[in-house]
Every structure is written in C-alpha cells, then in structure tokens.
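See below for the structure under consideration.
There are 2 protein chains.
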Amino acid sequence: MNNIEILIVDDEVQIRKMLTITLQSNDYKVSEAINAKEAIIKAANHPPELILLDLGLPDESGHIVLQKLREWYSKPIIILSAHSSEEDIVTALDNGANDYLVKPFRTGELLARIRSVLRSSNQEDENPILYFGELQIDLSARIVKKNDEIIKLTSTEYTLFCLLCKNEGKVLTHHYLLKSIWGPSYVTQSQYLRVFIAQLRKKVEDDPNRPSHILTESGVGYRFV
Amino acid sequence: MNNIEILIVDDEVQIRKMLTITLQSNDYKVSEAINAKEAIIKAANHPPELILLDLGLPDESGHIVLQKLREWYSKPIIILSAHSSEEDIVTALDNGANDYLVKPFRTGELLARIRSVLRSSNQEDENPILYFGELQIDLSARIVKKNDEIIKLTSTEYTLFCLLCKNEGKVLTHHYLLKSIWGPSYVTQSQYLRVFIAQLRKKVEDDPNRPSHILTESGVGYRFV
DNA sequence: ATAAATCTTTATAAAATCTTTACAACTTTA
DNA sequence: TAAAGTTGTAAAGATTTTATAAAGATTTAT
Numbered sequence: 001m002n003n004i005e006i007l008i009v010d011d012e013v014q015i016r017k018m019l020t021i022t023l024q025s026n027d028y029k030v031s032e033a034i035n036a037k038e039a040i041i042k043a044a045n046h047p048p049e050l051i052l053l054d055l056g057l058p059d060e061s062g063h064i065v066l067q068k069l070r071e072w073y074s075k076p077i078i079i080l081s082a083h084s085s086e087e088d089i090v091t092a093l094d095n096g097a098n099d100y101l102v103k104p105f106r107t108g109e110l111l112a113r114i115r116s117v118l119r120s121s122n123q124e125d126e127n128p129i130l131y132f133g134e135l136q137i138d139l140s141a142r143i144v145k146k147n148d149e150i151i152k153l154t155s156t157e158y159t160l161f162c163l164l165c166k167n168e169g170k171v172l173t174h175h176y177l178l179k180s181i182w183g184p185s186y187v188t189q190s191q192y193l194r195v196f197i198a199q200l201r202k203k204v205e206d207d208p209n210r211p212s213h214i215l216t217e218s219g220v221g222y223r224f225v
Numbered sequence: 226m227n228n229i230e231i232l233i234v235d236d237e238v239q240i241r242k243m244l245t246i247t248l249q250s251n252d253y254k255v256s257e258a259i260n261a262k263e264a265i266i267k268a269a270n271h272p273p274e275l276i277l278l279d280l281g282l283p284d285e286s287g288h289i290v291l292q293k294l295r296e297w298y299s300k301p302i303i304i305l306s307a308h309s310s311e312e313d314i315v316t317a318l319d320n321g322a323n324d325y326l327v328k329p330f331r332t333g334e335l336l337a338r339i340r341s342v343l344r345s346s347n348q349e350d351e352n353p354i355l356y357f358g359e360l361q362i363d364l365s366a367r368i369v370k371k372n373d374e375i376i377k378l379t380s381t382e383y384t385l386f387c388l389l390c391k392n393e394g395k396v397l398t399h400h401y402l403l404k405s406i407w408g409p410s411y412v413t414q415s416q417y418l419r420v421f422i423a424q425l426r427k428k429v430e431d432d433p434n435r436p437s438h439i440l441t442e443s444g445v446g447y448r449f450v
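In order, the protein sequences belong to chains A and B.
Reading the first sequence from the start, the letters are residues 1 to 225 in this note's numbering.
Reading the second sequence from the start, the letters are residues 226 to 450 in this note's numbering.
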C-alpha cells in the first residue's frame with residue numbers, strides 16, 4: 001500500500017467493484033461515491049490524490065460535478081465516460097479534467113494514465129534546509145543565512161562550507177578537503193585551505209578569533225559543529 | 226500569436242500540413258521534424274513548449290525518441306499514433322508521454338488535450354499573476370508590468386525572466402538556465418546568458434548597474450529576489 | 001522585397017575571485 | 001619555556017568571470 005488515495009465516482013456497482021479491485025491490487029487506497037452529491041461531499045471531507053469521475057451520474061451531470069470540484073480541487077481528475085462525442089471530451093478537458101477515457105476502457109491503459117497524471121502533478125520539489133544554531137543552509141537554493149540574513153559566499157567558500165556542514169561533528173582532513181574541492185593534484189596546497197577557512201570564519205562566525213562552528217584540529221584538519 | 230511553440234514530429238507530409246494549419250490557426254507557433262534524428266536535433270537546439278510525436282517514424286521507433294527526449298526534456302509530449310494496442314499506449318505513457326491519441330483523431334479533441342497538458346504543466350491556475358514589489362508577471366497572458374506599465378520583452382527574454390521568477394530566491398546555475406532555454410547543446414554558451422541578463426536588467430531594474438532583483442552569483446549563476 | 005526586430009558574436013572594460021606571499025600568532029613537544 | 005612546526009591573516013598580484021556596447025547575421029513582419 002503506497003497510501004495514494006483514489007476516489008471512484010460511478011453509479012454502477014459493477015464498475016465500482018471492478019475499479020476498486022483493480023486499483024487495490026495495484027496498491028492504491030480506494031474510496032467510492034455513487035452520485036454527484038456524495039462525490040462532492042467525500043472529496044471535500046477527505047480530499048483524495050486523484051478522482052475517477054463518471055459523467056453519467058443519476059442526480060447531476062458529471063460536467064457540473066467537475067466544475068464544482070475544480071473551484072477548489074487542484075489534483076488530477078480523470079473522466080470515465082460512456083459518451084465518446086467530441087463535445088463531451090472537449091468540454092470536460094476544458095473544464096479542468098486531466099484525461100478522458102471512453103468506456104469500456106482497458107485496465108492497463110487506465111492504470112498507465114493514472115500513473116501519468118500522478119507523475120506530472122507530483123513534481124513538487126522538496127527543500128532540504130540544514131540548521132545549525134543561528135546558521136541555516138538551503139541546499140536547493142544554494143543560500144546560507146545567519147540569523148535569517150543572507151551571507152554572501154563565493155563558489156569555493158560555499159562548496160567548502162557545505163562539505164563541512166554535511167559532515168557535522170566529523171574531522172575532515174586537509175588531504176580530504178583539498179582533494180574534494182580543488183582536485184587530487186592540490187592535496188599539498190594546505191595554504192589554500194587556511195585562506196578559505198579564514199574567510200569563511202570571517203563571514204560565518206560571531207568572533208572569528210574564537211570560532212564556535214569551524215574548529216581547527218591541529219595537524220589533522222577541520223571540524224564543523 | 227501567443228508564442229507557445231509546438232514541435233510536430235511526423236513523417237507524413239499531409240499530417241504535418243494538417244497539424245500545422247490547425248495549430249497555427251489556433252495561435253500556436255509551429256516547427257516540424259520529419260524523422261527521429263531531426264526531432265532530437267530540433268528539440269535540443271530550440272526546445273518547444275510541447276511536442277507532438279508520431280510513433281511510426283522511418284529511421285527509429287518513436288518509443289526510442291521519447292526515451293531520449295525524456296532524458297532532459299520535461300515539458301509535455303503527446304503521442305499521435307496509428308497503433309492502438311494497449312502495449313504501445315502503456316509503454317509510451319510509462320516512458321513519460323503526457324497523453325496518447327490514436328489516429329485518426331478529432332481536431333477539437335487534440336486541441337483540448339493540448340490545452341489540458343499545457344495547463345497542468347504550468348500549474349499556475351490558482352494565481353497566474355506573480356507580484357514582486359513594483360513588478361508583476363501575468364503568466365497566462367505572458368505580460369510583464371513594472372509600476373503598472375507594460376514592459377516589452379522578447380520571447381527569449383520573457384522565458385528567461387519567467388524561469389527566474391518562478392524560482393524566486395533560488396540560485397539557478399548557468400548550466401540549468403542554458404539547458405532550459407537554449408537546449409542541452411548550449412550549456413557552454415555562458416555569454417548568451419550575460420547578454421540577455423544585461424538586457425533584462427536594462428528593462429526591469431530601476432538601476433541596471435545596481436540590480437535589486439536579478440542578482441549575480443559569480444561563478445555559479447543568477448538569482449531573482 | 002524591404003524594413004524592423006531579434007538573436008548571435010565579438011571586443012573590451014570592470015568587477016569578483018583565486019592564488020601567492022609575507023609574516024604574525026598559536027600549538028605542540030622536549 | 002624555547003624551538004619547531006602549524007595555523008591565521010592581510011594584502012598584492014594574477015586570473016577568471018561578468019557587464020556592456022555594438023556590429024553582423026538571421027528571423028519576422030509588413
């Protein structure tokens with residue numbers, strides 16, 4: 001079970017049953033509505049990740065249900081309908097349906113179309129932000145803040161700082177840092193490291209003379225806490 | 226003309242002609258490719274907003290073209306195919322196609338499905354106007370205003386500006402910007418970017434010498450705030 | 001077909017960053 | 001504590017990156 005919930009809206013019990021079995025055996029969580037009224041209520045009370053909507057409902061046209069849902073519901077809606085007229089299809093798509101399948105449809109195709117619309121609706125990017133006391137590093141935005149103010153770091157400074165932060169608490173050797181940032185042919189250039197560590201401390205530390213985050217491990221390397 | 230460009234990939238001249246006329250009369254800008262090789266090259270050199278891809282190409286299967294495109298192209302691809310087998314449909318959808326239409330298709334339905342996938346790829350249904358201080362960007366109308374006055378941006382300038390605005394606060398690398406706007410074969414042409422950033426600043430910033438919105442992250446890329 | 005607009009390329013000045021140097025300050029060890 | 005080895009810092013010089021204008025090429029509109 002992957003916890004993706006799909007709401008089936010259809011008045012025919014055989015179709016609901018068939019869809020439910022198909023979807024459940026493909027690890028979706030299913031809920032059902034048998035008419036327009038119930039569809040609106042169920043969608044509102046417990047919004048699913050996707051809605052499969054029949055157009056031929058007993059109490060109200062599926063087109064109306066679609067319009068009402070789209071006033072607030074922005075996740076995918078796939079129309080399943082016995083009507084194959086171009087007018088129905090165009091109307092439904094322009095009212096915000098993400099796809100339109102004519103009954104009888106093939107199960108594999110339905111599942112593929114479900115995967116397709118879920119894929120394109122779930123393109124949200126997660127934003128991993130690291131927090132260390134007054135410091136925060138937004139890796140996807142490539143931004144470092146101290147007390148909520150942006151600190152301007154050069155490309156190399158940022159790379160070095162990230163490497164230290166990602167290995168919080170660990171001692172990173174001169175050798176390792178030089179190899180990671182400047183490449184294997186620079187492992188002897190310890191002076192680079194000293195210059196950049198000093199610059200970083202000047203920007204990041206409250207008192208660069210008594211660093212509280214970037215600590216020196218004499219003879220070995222540096223450690224971030 | 227709304228400047229939304231669609232690439233038609235089909236080896237049959239009648240179909241290309243029909244599609245071109247249909248799309249152009251609906252205000253789309255059209256380019257054409259007659260085989261797999263040309264499709265890849267044209268998409269890479271000048272990425273369109275949407276690709277209509279025939280599966281039956283003379284030099285290589287459309288399935289392969291789809292896979293190659295999806296390695297970097299993230300905008301909508303709609304398959305147009307004479308094959309209606311479930312296997313073809315499922316394969317194409319799982320390879321990243323956004324929709325699959327069986328030939329012969331109805332023109333109105335094609336246009337509705339194009340509108341549908343473009344709508345969900347732009348995801349700005351809720352708030353199609355972005356505000357940043359004195360600037361506002363109407364994504365659906367493709368209009369940028371500064372202090373309520375329309376700023377005239379060329380197509381490329383607008384695409385670049387949109388990309389920056391949609392990722393407000395994030396640093397976008399040269400590589401990413403070049404790949405998104407000019408295609409993967411232009412990732413080394415940083416000078417393009419500098420020229421267009423300069424032009425954008427001249428139009429958008431109060432003082433182009435001291436930009437307040439489009440910031441430079443030296444050695445990395447640009448950031449919009 | 002011509003004019004206008006836009007894109008691409010080139011050249012160069014300015015700015016930012018990196019590298020190197022010199023020396024001061026600190027740590028470790030005997 | 002003194003000597004030796006390490007580390008920190010500032011600043012000058014070298015290099016890379018960026019900004020900008022403008023000329024040439026291409027595309028688009030009339």
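Idealized CB from N, CA, C, for every residue including glycine.
Given the structure is predicted, the values throughout are model-derived calculations rather than measurements.
Practice problem: Label residue 319 of chain B either buried or exposed according to how many other C-beta atoms from any shown protein chain fall within 10 Å of its C-beta, with 16 as the threshold for buried. | Solution: For this step, residue 319 of chain B is matched to residue 94 along the second sequence. By the neighbour-count rule (16 or more Cβ atoms within 10 Å), residue 319 of chain B is not buried but exposed.
Self-check item: Extent of the continuous alpha helix (DSSP H) to which residue 210 of chain A belongs
Solution: Walking along the first sequence from the start, residue 210 of chain A turns up at place 210. Element bounds for residue 210 of chain A: n/a, residue is neither H nor E.
Exercise. In angstroms with no decimal places, state the Cα-to-Cα distance between residue 385 of chain B and residue 254 of chain B.
Key: Counting from one through the second sequence, the residue named residue 385 of chain B turns up at place 160. Counting from one through the second sequence, the residue named residue 254 of chain B turns up at place 29. Their backbone Cα atoms lie some 18 Å apart in a straight line.
Self-check item: Inter-residue spacing [alpha-carbon to alpha-carbon] between residue 417 of chain B and residue 257 of chain B
Solution: As a working note, residue 417 of chain B is residue 192 in the second sequence. As a working note, residue 257 of chain B is residue 32 in the second sequence. Spanning the two alpha carbons is a distance of roughly 25 Å.
Quiz item: Where does residue 82 of chain A land, buried or exposed, given buried means 16+ other C-beta within 10 angstroms?
Solution: Counting from one through the first sequence, the residue named residue 82 of chain A turns up at place 82. Exposed is the call here.
Exercise. Anything in chain B within Cβ reach of residue 89 of chain A, meaning under 7 Å, just list it in chain order.
Key: Within the first sequence, the letter at position 89 stands for residue 89 of chain A. Going along chain B in sequence order, the residues near residue 89 of chain A (Cβ under 7 Å) are 334, 337.
Quiz item: Using 8 Å as the Cβ pair cut-off and three pairs as the minimum, do the region 354-370 of chain B and the region 378-393 of chain B touch?
Solution: yes
Exercise. Select from the region 299-324 of chain B all residues with a C-beta closer than 9 Å to any C-beta belonging to chain A, and list them in chain order.
Key: 299, 301, 311, 312, 314, 315, 316, 317, 318, 319, 321, 322, 323, 324
Quiz item: At least one CB of chain B closer than 8 Å to the CB of residue 43 of chain A: is that the case?
Solution: Here the question's residue 43 of chain A lines up with position 43 in the first sequence. So, not an interface residue.
Quiz item: For residue 256 of chain B, which residues in chain A fall below 7 Å Cβ to Cβ?
Solution: One-based indexing of the second sequence puts residue 256 of chain B at position 31. Ordered by position in chain A, no residue passes the 7 Å Cβ test against residue 256 of chain B, which lies about 23 Å from the chain.
Self-check item: In chain order, each beta strand (DSSP E) run of at least 3 residues that lies wholly inside the region 94-136 of chain A
Solution: 99-102, 129-132
Quiz prompt | Amino acids of chain A, ordered along the chain, whose beta-carbon sits closer than 8 Å to that of residue 340 of chain B | solution = The residue labelled residue 340 of chain B in the question sits at position 115 within the second sequence. The answer, in chain order, is 93, 94.
Quiz prompt | Proximity test, Cβ basis, 8 Å: residue 350 of chain B and chain A | solution = Numbered from 1 along the second sequence, position 125 holds the residue referred to as residue 350 of chain B. With a pLDDT of 48 at residue 350 of chain B, under the threshold of 50, the modelled position of this residue cannot be trusted, and the question is left open.
Practice problem: Decide if residue 350 of chain B is buried, meaning its Cβ has at least 16 other Cβ atoms within 10 Å, or exposed. | Solution: Taking the first residue of the second sequence as position 1, residue 350 of chain B is located at position 125. In this predicted model, residue 350 of chain B has a pLDDT of only 48, less than 50, meaning its place in the structure is not dependable enough to derive any value.
Self-check item: Closer than 8 Å to chain A by CB, residue 286 of chain B
Solution: Position 61 of the second sequence, counted from the start, is the residue given in the question as residue 286 of chain B. Not an interface residue.
Quiz prompt | Interface flag, residue 180 of chain A vs chain B, CB-CB below 8 Å | solution = Within the first sequence, numbered from 1, the residue matching residue 180 of chain A stands at position 180. Answer no: the Cβ-Cβ gap between residue 180 of chain A and chain B never drops below 8 Å.
Exercise. Identify the contact partners of residue 394 of chain B in chain A, using a Cβ-Cβ distance below 9 Å as the criterion.
Key: Your numbering for residue 394 of chain B matches position 169 in the second sequence. Going along chain A in sequence order, the residues near residue 394 of chain B (Cβ under 9 Å) are 138, 141, 143.
Quiz item: In chain order, what residues of the region 403-428 of chain B put their CB closer than 9 Å to some CB of chain A?
Solution: none
Self-check item: Beta-bridge partners of residue 306 of chain B, as assigned by DSSP
Solution: Along the second sequence, one-based indexing puts residue 306 of chain B at 81. According to DSSP, which records beta bridges pairwise, residue 306 of chain B is partnered with B/327.
Self-check item: Secondary structure of residue 141 of chain A, DSSP reduced to three states
Solution: By 1-based counting over the first sequence, the position of residue 141 of chain A is 141. Under the three-state reduction of DSSP output, residue 141 of chain A falls in the coil class, being neither helix nor strand.
Self-check item: Rounded C-alpha distance that separates residue 399 of chain B from residue 39 of chain A
Solution: In the second sequence, residue 399 of chain B corresponds to position 174, counting from 1. In the first sequence, residue 39 of chain A corresponds to position 39, counting from 1. Each residue's Cα considered, the two are about 47 Å apart.
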